[in-house]
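Protein chains in written order, with our numbering: chain A, 7 to 197; chain B, 14 to 190.
Beta carbons: idealized from backbone N, C-alpha and C, even for Gly.
None of the values given here were measured: they were computed from a predicted structure.
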């Protein structure tokens with residue numbers, strides 16, 4: 007990210023000189039930083055609403071019920087965790103919370119799951135198969151409702167922001183499945 | 014089929030909300046208090062992403078205003094045209110694996126450059142919404158327990174990211190073009 011940041015700005019100045027557009031670039035630089043703050047403030051209302059709704063789901067125990075439901079299928083993905091029930095529960099809670107868009111609530115469960123898996127790890131420096139699998143499916147970012155993106159679209163007054171939900175769901179499912187495929191396929195090549 | 018899925022998109026949110034509220038009613042959860050408690054986080058999240066948004070929105074806006082994006086899209090034109098990929102979304106494809114907040118910034122910049130109802134915006138929204146930031150997740154989770162050898166975890170994550178981008182381009186061309 008550091009290099010991208012530097013690279014984008016330097017290239018912009020170079021191109022500005024070549025295209026003789028320095029005045030436009032400098033103006034844009036000053037105006038866009040202002041715009042960034044306006045965008046962030048535009049998100050507050052919708053984010054607050056969505057996080058409020060999902061907090062009801064968390065407190066009423068609905069999140070726990072979902073994570074219990076997915077525990078069985080998870081054993082297929084994490085065969086090594088058959089005896090490590092704590093790790094499996096925390097993975098289930100992490101995935102459920104992520105799916106509902108509760109990233110803040112998901113992270114502690116994820117770290118807990120990692121600690122539970124680390125307990126049974128022979129080499130504490132090296133990731134186990136289960137750890138790699140857990141990480142890979144987390145990076146695929148499975149989410150039922152992409153709340154922040156919808157918040158940005160609706161703050162920018164899109165006609166119908168929820169139209170992106172189904173396409174996003176299809177894409178994130180494809181990414182999820184391929185993450186699982188890649189992590190299992192590569193497992194034997196990295197000892 | 015597509016029309017049906019589009020209608021389904023609209024009904025997902027109400028459906029989830031109704032299920033959550035009915036369950037709360039059944040469990041006698043104090044829904045109003047829980048809502049207010051959870052909603053407080055909305056403000057924190059918005060404020061927390063401001064520095065990231067400023068950094069990347071300024072970069073992306075300068076990159077566009079300087080004409081650099083025109084040069085880039087000129088080079089990539091044959092590929093982009095063939096797959097009907099708007100040039101604005103190319104930066105996003107790089108940043109999405111690196112930083113989630115940065116991707117939100119790029120998305121916002123695409124909205125102000127191409128309009129909120131444009132195809133570029135829809136594609137960018139799907140790309141941003143369908144992925145987690147691979148490097149961030151890896152550093153948080155492995156860092157928390159002191160794992161130094163990541164083995165194949167990062168490679169699998171990045172390959173899945175690439176598949177995700179291709180899938181997004183494909184699915185969006187079906188839904189929105």
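For residue 195 of chain A, the chain B residues whose C-beta falls within less than 8 Å of its own C-beta are 165, listed in chain order.
In this structure, the CA atom of residue 175 of chain B is about 14 Å from the CA atom of residue 143 of chain A. Listed along chain B, the residues sitting closer than 7 Å to residue 110 of chain A by beta-carbon distance are 54. Counting the other Cβ atoms within 10 Å of the Cβ of residue 152 of chain B gives fewer than 16, which makes it exposed. Three or more beta-carbon pairs drawn from the stretch 70-84 of chain B and the stretch 29-37 of chain A are found closer than 8 Å, and the two stretches are therefore classed as touching. 41, 42, 43, 45, 46, 47, 49, 50, 53, 54, 55, 57, 58, 59, 60, 61, 62, 63, 65 and 66: these are the residues of the stretch 40-66 of chain A whose beta carbon lies less than 7 Å from some beta carbon of chain B, given in chain order. Among the residues facing chain A, residue 154 of chain B is included, as its CB has a counterpart in that chain under 8 Å away. Bounds of the alpha helix (DSSP H) holding residue 179 of chain B are 166-189. At least one CB of chain B lies nearer than 8 Å to the CB of residue 68 of chain A. Close to residue 50 of chain B, with beta-carbon spacing below 7 Å, are these residues of chain A in chain order: 61.
Exclusion of the five residues before and after residue 135 of chain B leaves 185 and 189 as the residues of its chain whose Cβ lies within less than 7 Å of its Cβ. By the CB criterion at 8 Å, residue 151 of chain A and residue 21 of chain B fall outside the cutoff.
The three-state reading of DSSP puts residue 162 of chain B in strand, counting E and B together.
At a cut-off of 8 Å, the C-beta of residue 131 of chain A has a neighbouring C-beta in chain B.
For residue 41 of chain B, the three-state secondary structure derived from DSSP is coil.
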